[in-house]
Amino acid sequence: MRSQQEMLREQLKVGVPGAEQEPQLGLSPGSRVPACASKVECMGRTGPIGPNVRAELQFAASQMETGQEFELQLTQAAHGGECIGRHEGKVVFVPFGIPGERVRVRLVEQRRSYARAALLEVLEPSPHRVQPPCPYYGQCGGCHWQHVSYQHQLDIKLAVVADQFRRLARLEEVPLEGIVPADEPWAYRNHIQLHPAGAMAEGVVQLGFVALDGQRVLPVTECLLAHPLVWELHQALELSFGALERVSLRAGINTGEQLVLLESSTEEQPLICLDMEASLCQLTPSGRLYTLVGRSHLHELLNGRRYRISAPSFFQVNTHQAEKLLEVVTSFADIGAGKCVLDLFAGVGTFSLAFAERGARVTAVELSPWAAQDARANLAAYGNATVLEADATEALRSLPGTFEAVVVDPPRAGCGEELCGLLAALRPARLVYVSCDPATLARDTAYLLRSGLALERLLALDMFPQTAHVEVVALFCAGAGAS
Ligand SMILES: C[S@@+](CC[C@H](N)C(=O)[O-])C[C@H]1O[C@@H](n2cnc3c(N)ncnc32)[C@H](O)[C@@H]1O
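Note that my numbering has the sequence shown beginning at 20, numbered continuously upward.
Here's what the structure looks like:
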């Protein structure tokens with residue numbers, strides 16, 4: 020008989036680490052790992068670095084100078100979407116390469132322990148190199164891997180996740196089961212955020228994405244990651260409103276509902292032309308949400324379950340992959356009727372609704388008042404579900420009772436040491452940790468292992484094709500052997 024694990028893998032078409040995977044992967048220049056064993060300063064942020072690499076760097080007396088051009092062998096992909104090579108013993112980060120390629124680069128930044136270079140020429144291209152279809156690729160900060168075939172993007176992501184766990188969780192054997200690929204690697208986003216790009220053109224605000232350098236806004240007239248329902252909003256929107264900070268365009272891919280949220284820098288009400296049937300809201304600096312047209316929320320369906328999502332609430336940006344994520348989380352949590360489950364960082368109740376439907380006794384904790392209200396509305400039909408609008412750590416300090424399963428899905432910064440300690444102290448039979456940053460998940464894994472939990476399963480999901488982002492779900496257990 021096939022195990023539950025095998026059936027889930029088959030259902031989700033999980034890709035496993037392939038033969039073409041890079042043999043060895045390295046440190047993470049752009050990752051934000053607040054607390055880890057050792058760090059290097061990277062682009063004004065911090066990133067982890069393993070002990071072997073550190074020892075090597077101490078002996079790297081490099082004579083390199085900014086502007087210098089040289090050849091480099093790219094050996095591995097880094098967590099933030101760049102590749103790594105070594106020149107005169109020093110680690111050099113290069114964007115838009117592929118591990119295995121020989122490239123010519125120009126040094127653009129020198130630090131004591133690493134350098135950054137711009138790609139000038141690919142001397143020996145990877146067989147996985149493809150033509151990036153987006154005209155903004157290389158300037159826009161949104162995508163990192165468009166120049167890599169989709170299958171190889173999956174291999175790179177798997178290798179990066181495994182590397183983070185080896186380095187930050189100090190695991191020799193990483194129980195990574197594979198990666199769930201996206202059926203549609205383009206036009207998948209149900210939500211994009213744009214910013215005003217410079218001066219108005221003929222009285223109309225030009226919108227764009229944050230550029231690769233993070234310093235400016237790049238005006239765009241198309242985005243290949245945006246779902247057509249989302250891009251339709253962009254085409255229909257005419258804004259002549261100076262006090263604009265950010266514009267969110269959202270759609271329910273399975274419901275067809277569309278919503279625009281304007282975040283303004285003043286309380287002033289804008290003049291807007293939106294030539295289509297969609298909701299239009301404004302969030303002002305005082306935190307007030309105004310409904311200018313339609314409703315203050317939209318709906319999305321995940322595996323037939325209907326969710327209300329308020330304009331400022333978080334929701335998974337890739338609807339089809341979110342449906343698979345939901346399958347993975349419910350399978351890992353394995354919670355039955357009458358059992359107690361705690362859903363921390365619950366959002367609009369994405370996972371809680373599936374647990375409540377199974378008859379579990381659900382406690383959902385969510386900090387955002389908008390999302391907590393949505394979760395209450397989404398769970399209203401279930402007397403077995405309670406939503407607390409609270410900080411996850413605060414809530415955990417005072418929550419009474421025991422939980423068979425706990426699900427945590429924190430923002431990119433992860434749970435951190437204190438919350439990991441509190442989670443381990445709960446001794447849930449199953450702790451499901453959903454993460455959009457493998458570096459902070461790997462760091463938190465070290466805390467959880469130290470507190471006596473055991474890492475049972477680890478599965479990646481590609482929620483963000485063409486980008487360096489990857490979702491990872493980990494299952495920890497507090498069985499007898501784990502303490
Ligand atoms: C990555 S989202 C996950 C939401 C939900 N699990 C889902 O899949 O849709 C993280 C959520 O945590 C919430 N959040 C952020 N900081 C929090 C905190 N300190 N305590 C509780 N919730 C928090 C955010 O508002 C957001 O809804």
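Glycine residues also receive a C-beta, built at the ideal position from the N, C-alpha and C atoms.
None of the values given here were measured: they were computed from a predicted structure.
**Study point:** Glu192: CB within 7 Å of a non-hydrogen atom of ligand 1
**Key:** If you number the sequence shown from 1, residue 192 lands on position 173. Glu192: no, Cβ never under 7 Å from ligand 1.
**Study point:** N- and C-terminal bounds of the beta strand (DSSP E) containing Pro215
**Key:** Residue mapping note: residue 215 aligns to position 196 of the sequence shown, counting from 1. Annotation for Pro215: the continuous beta strand (DSSP E) segment containing it runs 210-215.
**Study point:** Presumed contact (8 Å Cβ cut-off) between Ser168 and Val149, rounded CB distance
**Key:** Taking the first residue of the sequence shown as position 1, residue 168 is located at position 149. Taking the first residue of the sequence shown as position 1, residue 149 is located at position 130. With 8 Å as the limit, Ser168 and Val149 qualify as a contact, their Cβ atoms being about 5 Å apart.
Check your understanding: Exposed or buried, Gln234, counting other C-beta atoms within 10 Å across all chains shown (16 or more means buried)?
Key -> Within the sequence shown, residue 234 is the residue found at index 215, counting from 1. With a 10 Å radius around the Cβ and a threshold of 16 neighbouring Cβ atoms, Gln234 comes out exposed.
**Study point:** Ordered list of alpha helix (DSSP H) runs contained in the region 189-274, each at least 4 residues
**Key:** Entirely contained in the region 189-274, the alpha helix (DSSP H) runs reaching 4 residues are, in chain order, 247-255.
Practice item. With Ala443 as the anchor, note down where its beta strand (DSSP E) starts and where it stops. Key: On the sequence shown, residue 443 is found 424 positions in, with the first residue counted as 1. Where Ala443 is concerned, there is no enclosing beta strand (DSSP E), although the alpha helix (DSSP H) it sits in stretches over 435-445.
**Study point:** Contacts around Arg121, its chain only, beta-carbon distance under 6 Å, and the 5 residues preceding and following it disregarded
**Key:** Sequence index remark: in the sequence shown, residue 121 carries index 102 (1-based). Taking C-beta separations shorter than 6 Å and ignoring five residues to either side along the sequence, the partners of Arg121 in its chain run Gln92, Leu142, Glu143, following chain order.
Check your understanding: With which residues is His316 paired in a DSSP beta bridge?
Key -> On the sequence shown, position 297 is the one that residue 316 refers to. Answer is Ser329.
**Study point:** Exposure label - Gln77; buried when at least 16 CB within 10 Å
**Key:** In the sequence shown, the residue the question calls residue 77 occupies position 58. Caution applies to Gln77, whose pLDDT of 38 falls short of 50 and renders its modelled position unreliable; the value that the coordinates give is listed next. Under this definition Gln77 is an exposed residue.
Check your understanding: Just checking my contact of Ser267 with Leu280 at CB under 8 Å: how many whole Å lie between their CB atoms?
Key -> Against the sequence shown, residue 267 aligns to sequence position 248. Against the sequence shown, residue 280 aligns to sequence position 261. Between Ser267 and Leu280 a beta carbon distance of about 4 Å is seen, short of the 8 Å cut, so the two are scored as contacting.
Check your understanding: According to the Cβ coordinates, are Ala390 and Arg446 closer than 8 Å?
Key -> One-based indexing of the sequence shown puts residue 390 at position 371. One-based indexing of the sequence shown puts residue 446 at position 427. No, these two residues do not count as a Cβ contact at 8 Å.
Check your understanding: Expressed to the nearest angstrom, what Euclidean distance is found between the alpha-carbon atoms of Phe374 and Asp428?
Key -> Indexing the sequence shown from 1 puts residue 374 at position 355. Indexing the sequence shown from 1 puts residue 428 at position 409. If you take the alpha carbons of Phe374 and Asp428, they lie about 15 Å apart.
Exercise for review: Could you pull out every residue in the same chain whose Cβ sits closer than 6 Å to the Cβ of Glu436, ignoring the five residues on either side in sequence?
Suggested key: Counting from one through the sequence shown, the residue named residue 436 turns up at place 417. Taken in chain order, the residues that qualify are Tyr466.
Check your understanding: Could you check where the alpha helix (DSSP H) with His171 kicks off and where it finishes?
Key -> For this step, residue 171 is matched to residue 152 along the sequence shown. In the DSSP assignment, His171 falls within the alpha helix (DSSP H) that extends over 169-187.
Exercise for review: Going by DSSP, name the residue or residues bridged to Glu287.
Suggested key: Walking along the sequence shown from the start, residue 287 turns up at place 268. Looking at the DSSP output, Glu287 shares a beta bridge with no other residue.
Exercise for review: Inspect the beta-carbon positions of Asp410 and Ser329 and report whether they are closer than 8 Å.
Suggested key: Locating residue 410 in the sequence shown gives position 391, counting from the first residue. Locating residue 329 in the sequence shown gives position 310, counting from the first residue. No.
Review point. Unbroken beta strand (DSSP E) runs of length 3 or more, entirely within the region 105-155: which are they?
Key: Within the region 105-155, the complete beta strand (DSSP E) runs of at least 3 residues are 109-113, 121-129, 133-143.
**Study point:** Gln392 - containing alpha helix (DSSP H), residue span
**Key:** Taking the sequence shown and counting its residues from 1, one reaches residue 392 at position 373. Looking at the DSSP string, the run of the alpha helix (DSSP H) that includes Gln392 is 388-397.
Review point. In this structure, does DSSP put Leu467 in helix, strand or coil?
Key: On the sequence shown, residue 467 is found 448 positions in, with the first residue counted as 1. If DSSP states are grouped into helix, strand and coil, Leu467 belongs with the helices.
Review point. Under three-state DSSP, which class holds Leu302?
Key: Translated into the one-based positions of the sequence shown, residue 302 becomes position 283. DSSP places Leu302 within a strand segment (E or B) once states are collapsed to three.
**Study point:** Residue from Leu258, Arg189, Thr338 with nearest C-alpha to Arg462
**Key:** Here residue 462 is taken as the residue at index 443 of the sequence shown, counted from 1. Arg462 has its Cα closest to that of Arg189, out of Leu258, Arg189, Thr338.
Review point. Would a C-beta distance cut-off of 8 Å place Ala383 and Gly368 closer than the cut-off?
Key: Residue numbering aside, residue 383 sits at position 364 when the sequence shown is read from its first letter. Residue numbering aside, residue 368 sits at position 349 when the sequence shown is read from its first letter. Result yes, Cβ atoms of Ala383 and Gly368 sit closer than 8 Å.
Check your understanding: Between Phe483 and the rest of its own chain, which residues show a CB-CB distance below 8 Å, the 5 nearest in sequence each way excluded?
Key -> As a working note, residue 483 is residue 464 in the sequence shown. Here Phe483 has Val336, Asn337, Val489, Glu490 as same chain residues with Cβ atoms under 8 Å from its own Cβ, once five neighbours each way along the sequence are excluded.
Point to revise | Euclidean distance between Cα positions of Ser283 and Leu243 | key: Position 264 of the sequence shown, counted from the first residue, corresponds to residue 283. Position 224 of the sequence shown, counted from the first residue, corresponds to residue 243. For Ser283 and Leu243, the distance between alpha carbons rounds to 26 Å.
Practice item. Determine the DSSP secondary structure at Arg324, reduced to helix, strand or coil. Key: The residue given as residue 324 occupies position 305 in the sequence shown. Strand.
Point to revise | Gln340: first and last residue of the uninterrupted alpha helix (DSSP H) it sits in | key: Translated into the one-based positions of the sequence shown, residue 340 becomes position 321. Where Gln340 is concerned, the enclosing alpha helix (DSSP H) stretches over 338-352.
Exercise for review: Could you tell me the distance, in whole angstroms, from the CA atom of Glu408 to the CA atom of Arg416?
Suggested key: Walking along the sequence shown from the start, residue 408 turns up at place 389. Walking along the sequence shown from the start, residue 416 turns up at place 397. Whole-angstrom Cα-Cα distance: 14 Å.
Review point. In chain order, what residues of the same chain have a beta carbon less than 7 Å from the beta carbon of Arg325, not counting five sequence neighbours either side?
Key: Here residue 325 is taken as the residue at index 306 of the sequence shown, counted from 1. Short of 7 Å from the beta carbon of Arg325, and not among the five residues preceding or following it, lie these beta carbons of its own chain, in chain order: His318.
**Study point:** Close beta carbons around Ala74, own chain, < 7 Å, minus the five adjacent residues each side
**Key:** By 1-based counting over the sequence shown, the position of residue 74 is 55. Confidence at Ala74 is low in this model, with a pLDDT of 35, below 50, so the placement of that residue should be treated as unreliable; the coordinate-derived value is given next. Once the five neighbours on either side are set aside, Ala74 has no close Cβ partner at all.
Exercise for review: Locate the alpha helix (DSSP H) running through Phe370, then write down its first and last residues.
Suggested key: Along the sequence shown, one-based indexing puts residue 370 at 351. Taken as a continuous stretch (DSSP letters only), the alpha helix (DSSP H) holding Phe370 covers 369-376.
Check your understanding: Is it right to say Glu276 is buried, meaning 16 or more other beta carbons lie within 10 angstroms of its own, or is it exposed?
Key -> Residue mapping note: residue 276 aligns to position 257 of the sequence shown, counting from 1. That one is buried.
Exercise for review: Confirm the yes/no value for this check: CB of Gly366, any heavy atom of ligand 1, distance under 7 Å.
Suggested key: Here residue 366 corresponds to residue number 347 of the sequence shown, with the count starting at 1. Yes, ligand 1 has a heavy atom inside 7 Å of this Cβ.
Review point. To the nearest angstrom, how far is it from the Cα of Thr310 to the Cα of Tyr401?
Key: For the purposes of this step, residue 310 is taken as residue 291 along the sequence shown, with counting starting at 1. For the purposes of this step, residue 401 is taken as residue 382 along the sequence shown, with counting starting at 1. Looking at the two C-alpha atoms, the distance is approximately 28 Å.
Review point. Hey, would you say the C-beta of Phe112 is under 7 Å away from at least one heavy atom of ligand 1?
Key: For the purposes of this step, residue 112 is identified with residue 93 of the sequence shown, where counting begins at 1. False, no ligand heavy atom lies under 7 Å from that Cβ.
Check your understanding: Leaving out the 5 sequence neighbours to the left and right, which residues in its chain are closer than 7 Å to Tyr156 when beta-carbon positions are compared?
Key -> Numbered from 1 along the sequence shown, position 137 holds the residue referred to as residue 156. Here the set comprises Cys162, Gln165.
Check your understanding: Taking 7 Å as the cut-off, does the CB of Glu376 come closer than this to any heavy atom belonging to ligand 1?
Key -> Taking the first residue of the sequence shown as 1, we reach residue 376 at position 357. Glu376: no, Cβ never under 7 Å from ligand 1.
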